[in-house]
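Comments concern the structure below.
This is how it looks when you write it as structure tokens:
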């Protein structure tokens with residue numbers, strides 16, 4: 825039904841927003857890790 829379809833689309837948007845947030849956190853963590861590795865090898 826259309827109602828189901830709308831609900832699914834809302835869920836997909838929420839999951840995509842969560843994915844964006846997690847990917848940002850991962851990028852930050854990787855940047856910090858790289859900085860630490862650089863400091864350790866210098």
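Residue numbers (this note's numbering): 825 to 866. Note that CB positions come from ideal geometry on N, CA and C, so glycine has one too.
In the DSSP annotation of this structure, residue 825 is not part of any alpha helix (DSSP H), being labelled neither H nor E. Residue 832 and residue 845 have their C-alpha atoms roughly 20 Å apart. Per DSSP, reduced to three states, the secondary structure at residue 866 is coil, with no helix or strand assignment.
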